[in-house]
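Asks:
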Amino acid sequence: MRIWITGVGIVSPLGVGARATMRLLCEGQRAFDEVTLFSVEGQRTRIAAEVRDPRFARSDGTAGWSRTGAMALAAAREAIEESGLRSGVDEIDLVVGGTTGPMLETEGFLPNLADGEPLAVDVARMISHPLSMTTDYVRTAVGAMRNVRTISSACSTGANAILLGALWIASGRSKSVLVGAADALCRLTYTGFNALGSLDPAACRPFDRTRAGLSLGEGAAFLVIERDDVAAARGATPIAELAGWSAAAEAHHITNPEPDGSTAARVIKAALQVAGLSGSDLDYVNAHGTATQLNDAMELRALRSVLGNEMDRIAISSSKGQLGHSLGAAGAVEAAVCVLAIAQGVVPPTGGLTDPDAGCEGNHVMGTGRGMPVRAALTNSFGFGGLDSALAFCRPGFAPEKPAPSRRPARLASGAIISAAGQAGLLIAKRHAEPGPSPAEGRIELDPTVSLDPHKSRRLGRAERMLCLAVDSAIVGFENQGALDRANAGLVAGMASGSLDGVSRFLKKARDKGARFAPPADFPNLMLSAAAGHASIYHSLGGPVLSATDAGTSMMSAVWTAIDLVESSMADFVLAAGAAEATEAQFAATRAADPAGVHPLTEGASCVLIAPDASGSGARLLWRTQWHCQADQRTALAELPPPVDGARVVTAGDCTLAGTAWSGVDAVPIELRAGTYEGVDGAALVTAASLVMDGRCPVALAIACLGDRGCALLLGAP
Amino acid sequence: MNAPSPQDIKEIIVRELNLQDVRPEDIQDDAPLFGEGLALDSLDALQLAMALEEAFSIKIPEGDEARKIFRSVSAITAYIGQSMSGAG
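Right, dumping it as structure tokens:
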């Protein structure tokens, strides 16, 4: 089996279109200019790389429209059109990544939340806030998609969206996947990187002796990746091949990279290993190359430690010197650049680089592009929290062929829950299926006897604390802790919208006191992927770490993603965890998503540990389905296996099993004991798992129907 | 505005950096704050610089100069005292 790339699409500050962008990159053009999208008063710089095409100028008022969404759609359409895939005819899956999403459109009113005027918030715009809106926009416009996922891992998001698509193909779950990422510039990230002192006042200069920080950019890129036999059968031809992928976490620091670059090196090595390629096969590296002091030195050290003297031969460049750092989109844009470099036999330069720094030595491409054959290319992406990824591409047929798609079964090996009904492992979870008091609205009481290390947890907000506690309980509850190698264990956080309150407070302070008084230590926590990064650092988890974000069913999506990682042998143990904190902003978001909700608004966290099915106790995953609009619910549940005697159902949200064989089975709404909050779908799942693990029932169905989305997992005894 | 005392600086450190296991009076005037001692890091330094600039309407330089100022509570107190008298 091979994974072909059959379509590429890019929207960049240099141009709309993959080939247009590549041509201007190779001409050496740079896209930096004064910011026009918002005021940059009081910031240390006035520039960024904006996408100036009038099609992305501002909202025309269409529901769900955002600059991010519009750029994503244009890039996705370009990739789909080139691939020749037909929506509604061919089986297409979709993975979209992002970090800012519709922030530019919603950040205007977010400070109002911190002003204490939650009711003044425009509910329609609040609904538009989640990152998954970008995905919805693409899905609705491009046409029918089967499996859909939205992910985030800070500045490695784009690479991880591609990686997840590759796992779906390698595990046989997908035939063709549209994968990519998009991020628009916004005040939040501009002010945040300014507060961290990371912005160069002038246009950035990756690897240069005079480099003084990064320059921000924006954009979108999508690839169509396909199993070779499926693509060949419909007459498609490959542009290049996606040969290798890897992701791991540094578990070091929320903003600073590990100085020795050892995790980056581990990821680069693993991506080449998956590809079956060695350093002597590589002709080009598209580096992460942000132009910060710490990143560039660390990255070159990591590359040299893996590639040795080949580094003097392999051409290297960073596209950020021309396009700026488009954060979540960057990994996808730079992957697309690698694909085009292989297809066109030309590699772009590093804009702004004239005098490579000591410690950054390499075969740098400077000035304009270099025409040269490219057999294989590697691209790195490193995100806040130390979330590192690498992808390897090559000419079609250049890398050794991979085995036929296969996957190993996964099980839910342990779980934990923190809710109004209690806090701890699976014994507590069972309580949710038993009669008991209904919770009071607002904050829950956390067990004072269970606490986190005060120094290590000083940067964690309440939601992140609950998440770390839930992860801890799930690990402690696992029967075979000796086998759980934390250095290779992964984590997927399920987060619907990140810290709305944190964003509101941060933007309010910048608005009221000026940009230079925006609190630097708060900014990294405002990325949706922060909770996953913090938890990986706190618990020393060094496997793949990312976040799944899917509105009301984010925790279920996180569990799915964790299962994807274990099924495809990316990691042996992957935790899926989610948490939400009771605050006015959170309540406003919950009410916006579910205006008819009758359950008390609370808070909570949950975690499950996914392990290979080979041995051990827990709950086996028998069947799963997911839908992204209500119209698809009936189809999604049509193949639900019939219940056996003693089967139980745990629901989150407004679920109906009418029309299925399960319509008569007693269903327990999780909200009766836990109330409702973002992530309550995780509580339903852990409760169902707990009933099975405890021998209370042979099979249990966890089903969540929240807003337009839904998800069902059928669990059975081992 | 009066120049801050070492105690004022300690209170700001504990509050701004959310040090849950440290009381202001636990911090020694001349003890190192970064790496060893309180084991603060560069992100703490950025947060502390912002908080001090806001509280005392001063400007704290970046880079090597900041490293000297942030050596200890005494050094911070002295720098802010000088800045405020220079500015006033």
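Residue numbers (the numbering used here), protein chains in the order written: chain G, 1 to 718; chain S, 1001 to 1088.
Every residue, glycine too, gets a C-beta built ideally from N, C-alpha and C.
Buried or exposed for N309 of chain G, please, with buried defined as at least 16 other CB atoms from any protein chain shown within 10 angstroms of its CB.
Replies: Counting Cβ neighbours within 10 Å, N309 of chain G comes out exposed, since fewer than 16 surround it.
Asks: Considering only the beta carbon of each residue, do L715 of chain G and L657 of chain G sit closer than 8 angstroms?
Replies: Their beta carbons are not under 8 angstroms apart, which means L715 of chain G does not touch L657 of chain G by this criterion.
Asks: Under 8 angstroms Cβ-Cβ, which residues of chain G neighbour L1046 of chain S?
Replies: Those within 8 angstroms of L1046 of chain S in chain G are A195, L196, G197, P520 and A521.
Asks: Would the region 622-630 of chain G and the region 645-655 of chain G be scored as touching if the rule is three or more Cβ pairs under 8 angstroms?
Replies: Flag = no, the region 622-630 of chain G and the region 645-655 of chain G do not touch.
Asks: Applying a beta-carbon distance threshold of less than 8 angstroms, which residues of chain S neighbour K513 of chain G?
Replies: What K513 of chain G touches in chain S: E1054.
Asks: Does any residue of chain S bring its CB to less than 8 angstroms from the CB of R465 of chain G?
Replies: False, the Cβ-Cβ gap to chain S never drops below 8 angstroms.
Asks: Whether or not the region 248-264 of chain G and the region 340-355 of chain G are in contact is what I'm after, with contact meaning three or more pairs of Cβ atoms, one per stretch, closer than 8 angstroms; do they touch?
Replies: Not touching, per the Cβ criterion.
Asks: Where does C629 of chain G fall in DSSP's three states?
Replies: Coil.
Asks: For the candidate residues G:Q273, G:A184 and G:D708, whose alpha-carbon lies nearest to that of S554 of chain G?
Replies: The candidate whose alpha carbon is nearest that of S554 of chain G is G:D708.
Asks: Decide yes or no for the touch test of the region 500-509 of chain G against the region 166-186 of chain G: beta carbon pairs closer than 8 angstroms, at least 3 of them.
Replies: Verdict: no, contact absent.
Asks: According to DSSP, which residues form a beta bridge with V346 of chain G?
Replies: V346 of chain G is bridged to G:G371.
Asks: Go through its chain and collect everything with a Cβ distance to S153 of chain G's Cβ below 6 angstroms, but skip five positions before and after it.
Replies: Contacts found: N160, G383, L387, S529 and L546.
Asks: Comparing alpha-carbon positions, which option in G:L378, G:T583 and G:M311 lies nearest M442 of chain G?
Replies: Checking the displayed sequence, the identity of residue 442 of chain G turns out to be Gly instead of Met. Measuring from the Cα of G442 of chain G, the nearest candidate turns out to be G:T583.
Asks: Note down, in chain order, each residue of its chain lying with its Cβ closer than 6 angstroms to the Cβ of G1081 of chain S, except the 5 sequence neighbours on either side.
Replies: So the qualifying residues of the chain are A1003.
Asks: Establish whether the CB of H252 of chain G and some CB of chain S are separated by less than 8 angstroms.
Replies: Output row for H252 of chain G: interface = no.
Asks: Quick check on T62 of chain G: buried or exposed, where buried means 16 or more other Cβ atoms within 10 Å of its Cβ?
Replies: Exposed: under 16 other Cβ atoms inside 10 Å.
Asks: Short of 8 angstroms Cβ to Cβ, which residues in the region 445-462 of chain G face chain S?
Replies: So the close ones are P454, H455, S457, R458 and R459.
Asks: Check each residue of the region 83-116 of chain G: if its Cβ is closer than 7 angstroms to any Cβ of chain S, include it; give the result in chain order.
Replies: Within the region 83-116 of chain G, no residue has a Cβ that lies closer than 7 angstroms to any Cβ of chain S.
Asks: Considering Cα atoms alone, identify which of G:C186, G:R46 and G:P396 is closest to A203 of chain G.
Replies: It is G:R46 whose Cα lies nearest to the Cα of A203 of chain G.
Asks: Please decide whether A1078 of chain S counts as near chain G, where near means a Cβ-Cβ distance under 8 angstroms.
Replies: Not an interface residue.
Asks: Output yes if chain C places a C-beta closer than 8 angstroms to the C-beta of L1019 of chain S; else output no.
Replies: Structure shown: chain C not included; protein chains present are G and S.
Asks: Between the C-alpha atoms of A399 of chain G and T561 of chain G, what's the straight-line distance to the nearest angstrom?
Replies: Distance between the alpha carbons of A399 of chain G and T561 of chain G is about 27 angstroms.
Asks: What span of residues does the beta strand (DSSP E) with R227 of chain G cover, start to end?
Replies: Run containing R227 of chain G: G219 to R227, per the beta strand (DSSP E) assignment.
Asks: Short of 6 angstroms in beta carbon distance, which residues of its chain neighbour A264 of chain G, apart from the five on each side in sequence? Order them along the chain.
Replies: Answer for A264 of chain G: A302 and D388, listed in chain order.
Asks: Starting from F517 of chain G, find everything on chain S with Cβ-Cβ shorter than 7 angstroms and list it in chain order.
Replies: By Cβ distance, chain S contributes M1050 and E1054.
Asks: When you check each C-beta in the region 252-272 of chain G against every C-beta of chain S, which residues fall closer than 9 angstroms?
Replies: Taking 9 angstroms as the Cβ-Cβ cut-off against chain S, the residues of the region 252-272 of chain G that qualify are H253, I254, T255 and N256.
Asks: Taking 8 angstroms as the threshold (beta carbon to beta carbon), is D1041 of chain S in contact with chain G?
Replies: It does: the Cβ of D1041 of chain S has a partner Cβ on chain G nearer than 8 angstroms.
Asks: Using beta carbons (cut-off 8 angstroms, strictly below), is S1011 of chain S in contact with chain G?
Replies: The sequence shown places Glu at residue 1011 of chain S, not Ser. E1011 of chain S does not count as touching chain G.
Asks: State the start and end residues of the unbroken beta strand (DSSP E) segment that holds F32 of chain G.
Replies: That run of the beta strand (DSSP E) goes F32 to E34.
Asks: So for T189 of chain G, helix, strand or coil by DSSP?
Replies: T189 of chain G falls in the helix class under three-state DSSP.
Asks: Which residues share a DSSP beta bridge with V699 of chain G?
Replies: V699 of chain G is bridged to G:G716.
Asks: Could you give the distance in angstroms between the alpha-carbon of W4 of chain G and the alpha-carbon of V274 of chain G?
Replies: Taking the straight line from one Cα to the other gives about 15 angstroms.
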